[in-house]
Amino acid sequence: MAKIVGGIGCSHVPPVGIASDKGQTTDGYWSPLFEAIPPARKWILDQKPDVMIVVFNDHATSLSFKMVPTFAIGVAPYYENADEGYGPRPIPHYEGDDQLAWHIAESCILDGFDLTIVNELDLDHGFSVPMTVMFGEVEKWPVKVIPICVNVIQYPPPTAERCFHLGQAIRRAVEEYDEDLRVMIAGTGGMSHQLQGERAGVINTEFDIKYLDNLSGNNIENMKKPHLEYIRESGTEGIELVMWQVMRGALDERVKETFRKYHVASSNTAFGVICLENDN
Amino acid sequence: MAKIVGGIGCSHVPPVGIASDKGQTTDGYWSPLFEAIPPARKWILDQKPDVMIVVFNDHATSLSFKMVPTFAIGVAPYYENADEGYGPRPIPHYEGDDQLAWHIAESCILDGFDLTIVNELDLDHGFSVPMTVMFGEVEKWPVKVIPICVNVIQYPPPTAERCFHLGQAIRRAVEEYDEDLRVMIAGTGGMSHQLQGERAGVINTEFDIKYLDNLSGNNIENMKKPHLEYIRESGTEGIELVMWQVMRGALDERVKETFRKYHVASSNTAFGVICLENDN
Amino acid sequence: MTKEEKQELRKAFEDIPGTRVFTPERSRMGYHLNIFCMTLNKEEGRQAFRENERAYLDRFPMTEEQKQAVLNREWLKLLDLGGNIYYVWKIAACDRKTMQYIGGKMSGITEEEFKEMMLSGGRSIIGNRSKTSDY
Amino acid sequence: MTKEEKQELRKAFEDIPGTRVFTPERSRMGYHLNIFCMTLNKEEGRQAFRENERAYLDRFPMTEEQKQAVLNREWLKLLDLGGNIYYVWKIAACDRKTMQYIGGKMSGITEEEFKEMMLSGGRSIIGNRSKTSDY
Ligand SMILES: [Fe+3]
Ligand SMILES: [Fe+3]
Chain S
6 MAKIVGGIGC SHVPPVGIAS DKGQTTDGYW SPLFEAIPPA RKWILDQKPD VMIVVFNDHA
66 TSLSFKMVPT FAIGVAPYYE NADEGYGPRP IPHYEGDDQL AWHIAESCIL DGFDLTIVNE
126 LDLDHGFSVP MTVMFGEVEK WPVKVIPICV NVIQYPPPTA ERCFHLGQAI RRAVEEYDED
186 LRVMIAGTGG MSHQLQGERA GVINTEFDIK YLDNLSGNNI ENMKKPHLEY IRESGTEGIE
246 LVMWQVMRGA LDERVKETFR KYHVASSNTA FGVICLENDN
Chain R
6 MAKIVGGIGC SHVPPVGIAS DKGQTTDGYW SPLFEAIPPA RKWILDQKPD VMIVVFNDHA
66 TSLSFKMVPT FAIGVAPYYE NADEGYGPRP IPHYEGDDQL AWHIAESCIL DGFDLTIVNE
126 LDLDHGFSVP MTVMFGEVEK WPVKVIPICV NVIQYPPPTA ERCFHLGQAI RRAVEEYDED
186 LRVMIAGTGG MSHQLQGERA GVINTEFDIK YLDNLSGNNI ENMKKPHLEY IRESGTEGIE
246 LVMWQVMRGA LDERVKETFR KYHVASSNTA FGVICLENDN
Chain F
-18 MTKEEKQELR KAFEDIPGTR VFTPERSRMG YHLNIFCMTL NKEEGRQAFR ENERAYLDRF
42 PMTEEQKQAV LNREWLKLLD LGGNIYYVWK IAACDRKTMQ YIGGKMSGIT EEEFKEMMLS
102 GGRSIIGNRS KTSDY
Chain A
-18 MTKEEKQELR KAFEDIPGTR VFTPERSRMG YHLNIFCMTL NKEEGRQAFR ENERAYLDRF
42 PMTEEQKQAV LNREWLKLLD LGGNIYYVWK IAACDRKTMQ YIGGKMSGIT EEEFKEMMLS
102 GGRSIIGNRS KTSDY
C-alpha cells in the first residue's frame, strides 16, 4: 500500500532557480539560502520517496485566463520544463507517475472534488524551483512527480480550508493505492510577498513565522484564515500559502517539524522551507 | 434580486439541430418531435427569462483530453457556435451575461465548488440544440446565456449528487445577485443512449420515464443513483442525465411539471424534454 | 466511496455487455490516438489525412496497432485500443458516415438495420444489462 | 459565505493600501490586455511587438487607454485598467527589466532603492494594512 511519508512547504521564487542554474549558489546574495538547505535535502532522501506530489501554481506560462482551473491534476507520463521567455531551465524533464495520478484524480472526483484532469502541461518555476530546492542539481530526478496546479492568480482562489480538504482526499486516495509506494507532498509558493502596486515589496515576518509555527502547532488557524487576511497580512501573492494547506491536509493531525529555513529576502519575496513528518 | 424561474431538461441530439436548420421539422421523421414542442416554448417565454444557464457537455469540439474540467463556467460576453466539421450552425451567436456568470463563479468557488473559469468557448450541439428546442428559429436569442460545461466523457464524471449540490450553490448565487433578473436553467443531454460498442443503440424507456417522474416526485432516487446504474440502465451516454441534476438542484424541493415530451428515437437516442416550475 | 466500493464498481463496469466505459486505463492507452482524431476537427487535418492516411498517422506517437485499426476502420478495435467514441467518431465523420453506420458496424448489423432497430424502440435493455445474468 | 460577508470582503480589499486584488471586475476589464501580454511568452510575439509596438497592439481588441498605458509603460495604470501583474510583467520582461524594477516604478522608488529595501527586510507591514487605520 502507498503512503504519505512527509510534507514540505517551499517558496518558489524564480531567481532561486536561476542562481542554481548559473552556479551562483555560493555567492554572497544566495549563499545564506543555499548553505542552509542540505539538511532538508538529506531528510527528504532519507524518507526514500518514490513519488513527489507538487502543489504549485502556473504563472501565466502554460495556462492563461482563457481557462482557469481551480484545481488541476497532471496525469501525464512526463513533463517538460516550460520556456518562460529565456528558454527552458537546463534541468532534467520530469517523469510523471501517471497511474497514481489517475488514481488520485478518480478518487478525488468521486469524493466531490471537481478537479480538472490535465494530460499536457509544461511546468514553470512554480514547479521547478521547489524541485531544485528539494533535490539540488541532478542528472535525473530521484522521484516521479504528480503536479497539482492551483489557481491563485484570479480571485477567488480556493479557500485555505478547501485546499486542506483536498489534501485529505489526496491522502485517502494514496492510502488506497495498491502499489507499495512512498509518497511525499510539497506545497509551494509564498511566503509573504506582493509584486504589484504601491505596496510592492511588503514582507510580514511575524505572519510568516506564525504560519510556519502553526503548521506543526495550531494549523486550524492557518486553515480557517480567510483570503482577506492572507492578502492583507502577507501581500497579494502571499495568498499562495493556501497551497501549503493541501500539503498539510495530506499529513497526520499531529506532525513534527524536522527542518526549517526562513530567509528575507529572495528577490521580492520572503523565502521559507519547512519539512514535516507524521507524528501519530 | 435575481431568481430562478424554472428549469428545463432537454436532450441535445445533433440531428435535431440539423433538422431545424434544414427546415425538415415537418417531415415524417422529425414531425412528432417538433410538433410537440410549441407548448414548451410558450411556457418558457411566459416565464419571461432574462438569462438561461445551460448545463451541457462539450463533445471533443472545443475541449479535448489535453484538459478536462469537471465543471467549467463560461464568463464571456459572447459565444460563437462551434464548427463541428461541417461549418458552424447557421443560427445566431450568443450573448453571455458575463457579470452574473462571474458572480456565480465567485460564489460557487468560495462555497467549495472547484469550477474552471472559461473566457473563450465555442459552443457545440450540446449547447445549441437545447437552445433551438427551447426557442426555435430566431433572429436573435431572447435571453443572455451562461454555459456550464460538465465532463461526462472521461470517467469519472461528477456524481449526480455532486451535480445536484452544484445546482443548489448556483441558486444561492443567483438569489444573492442584486440585479432584478429572471433566470432559467436547463440541464441537457440524455436520455438513454449508447453510441459505442456491441450494445450501441440501447434504449431503456422504463428507466427514462422513471427519471422524468422522479424529477417532480422522488428526485432523491435520481440524485443518489451511482454512475454504474446510469450506465448499465441507460447506456454509456445516458450518463449525461447527471447534468439534469444541476438543473434540479437549482429548483425548489417541490416542483410542478408543466410540460413533458418523450420520444424514441431521435437518431441513436431517446429524446426527452421536460419543464419544471417551483412549487413551494 | 471506499476502496472496495471503487473496485467493485470497476468490476461491474466490465460486466456490462458490449460496453467499454472510458476509464483512466483506456484514456492512458488511447491518448495519442484520441489526439490524432481531434485534429480531424479541422479541414487541414481532414485533407492531410485523406491525401495520405499512413503518412498523416505517422505524425502521431500512436502504436502500430492503433494505426492499423484506423487504416482498417476497425471500430471496436479502436475502442479496445483506448479510442473514445466521440473522438473515434471523427474518423467516421471524415469518411462522411453517420453515427448509425458505426453503430451498426460495432454491433454487426447494417446501417439500415440499425436505423430500423432505433425506429422500433431501440435495442432492448432486457438481456443487455449484465454478461453474467440476463435480467 | 453569506452575501453580506462577500460584500464586506470586497470593501475590505479596497481598504488595503497600494493593492489591487485581481477581482472578476478587473479580470473582465483587462481580458484582452492580458491576452496581449500572454503573446509575449513567445519569441514571435516579442519580436513583432518590439518592431512596431503600436501596430502589434492594434491586433488586439484593447481600449485605446490600455494601448497608451502599454506604450508609455505606465505600470500602475495598467493594473488599474485590468492588467494582472503576472501578465503585465511580461511587458517588463520583454524590455529586459527585473521584477524589482517594476516594483520600484510602481512604488515610486528606483530599482536600487527597491533592492535595498528588500535586503533590509522588505516594506514594513506596519501602516500598510489599511487605508483607514495605521496598525
Ligand atoms: Fe507563485
Ligand atoms: Fe452529449
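One line per chain: the protein sequences are S, R, F and A, in this order.
The numbering used here applies: residue 6 is where the first sequence begins, and numbers increase by one.
The numbering used here applies: residue 6 is where the second sequence begins, and numbers increase by one.
The numbering used here applies: residue -18 is where the third sequence begins, and numbers increase by one.
The numbering used here applies: residue -18 is where the fourth sequence begins, and numbers increase by one.
Every residue gets a Cβ at the ideal spot worked out from N, C-alpha and C, and that includes glycine.
The model shown is predicted, which means the values in this text are computed figures rather than measured ones.
Under 9 Å by beta carbon: chain R residues contacting residue 3 of chain S: The structure shown does not extend to residue 3 of chain S, since chain S is modelled only from 6 through 285, so no value can be given for it.
Contact list for residue 167 of chain R against chain S, beta-carbon separation under 7 Å: 117
Residue -2 of chain F, DSSP secondary structure in three states: coil
Proximity below 9 Å, CB of residue 104 of chain F to CB of residue 114 of chain F: no
contact_flag[the segment 44 to 59 of chain S, the segment 260 to 270 of chain S] where n(CB pairs < 8 Å) is 3 or more: yes
Contacts of residue 209 of chain R in chain F (Cβ-Cβ under 7 Å): 106
Neighbour flag for residue 170 of chain R against chain S, beta carbons, 9 Å: yes
Beta-bridge partners of residue 240 of chain S, as assigned by DSSP: Its beta-bridge partners do not exist; DSSP assigns none.
Residues of the segment -1 to 17 of chain F with Cβ closer than 9 Å to any Cβ of chain R, in chain order: -1, 0, 1, 2, 3, 4, 5, 7, 8, 11, 12, 15 and 16
Residues near residue 163 of chain R in its chain [Cβ-Cβ closer than 8 Å; skip 5 each side]: 75, 76, 155, 156, 171 and 247
Burial state of residue 0 of chain A, where buried means 16 or more other Cβ atoms lie within 10 Å: buried
Reference residue 140 of chain S, options S:257, S:209 and S:189, closest by Cα: S:189
Residue(s) in a DSSP beta bridge with residue 99 of chain R: R:84
Pick from R:253, R:245, R:283 and R:284 that is closest to residue 17 of chain R, judged by C-alpha positions: R:245
Test: residue -18 of chain A CB closer than 9 Å to a CB of chain R: yes
In DSSP terms, what residue 261 of chain S is bridged to: S:282
Residue 86 of chain R: CB within 8 Å of a non-hydrogen atom of ligand 2: no
Residues, ordered as in the chain, of the segment 92 to 116 of chain R that lie near chain S by beta-carbon distance below 7 Å: 111, 114 and 115
Within-9 Å CB hit, residue -13 of chain A to chain R: yes
Residues that residue -3 of chain F contacts on chain R, provided the C-beta gap is smaller than 8 Å: 204, 236 and 237
Contact set between the segment 19 to 46 of chain R and chain F, restricted to residues whose Cβ is under 9 Å from the partner: 19, 20 and 34
Neighbouring residues (CB closer than 6 Å to any heavy atom of ligand 2): R:17, R:62, R:64, R:131, R:194 and R:245
Any 3 or more C-beta pairs closer than 8 Å across the segment 129 to 148 of chain S and the segment 218 to 228 of chain S: no
Continuous alpha helix (DSSP H) stretch holding residue 230 of chain R: start and end: Looking at the DSSP string, residue 230 of chain R is not in any alpha helix (DSSP H), and its letter there is neither H nor E.
Exposure label - residue 52 of chain F; buried when at least 16 CB within 10 Å: exposed
Residue 100 of chain S Cβ short of 8 Å to ligand 1 heavy atom set: no
Partner residues on chain S for residue 164 of chain R, Cβ-Cβ distance less than 8 Å: 115 and 117
Interfacial residues, the segment 123 to 142 of chain S to chain A, with Cβ spacing under 8 Å: none
Under 7 Å by beta carbon: chain S residues contacting residue 159 of chain R: 122
Residues that residue 76 of chain R contacts on chain S, provided the C-beta gap is smaller than 7 Å: 119
Those runs of the beta strand (DSSP E) which lie wholly inside the segment 183 to 208 of chain R and span at least 3 residues: 187 to 193
Residue 89 of chain S beta carbon near ligand 1 (any heavy atom closer than 8 Å): no
Beta bridge counterpart(s) of residue 151 of chain R as assigned by DSSP: R:58
Beta-carbon gap between residue 111 of chain S and residue -2 of chain A smaller than 9 Å: no
Start-end ranges of the beta strand (DSSP E) lying completely within the segment 23 to 73 of chain R, minimum 3 residues: 56 to 61
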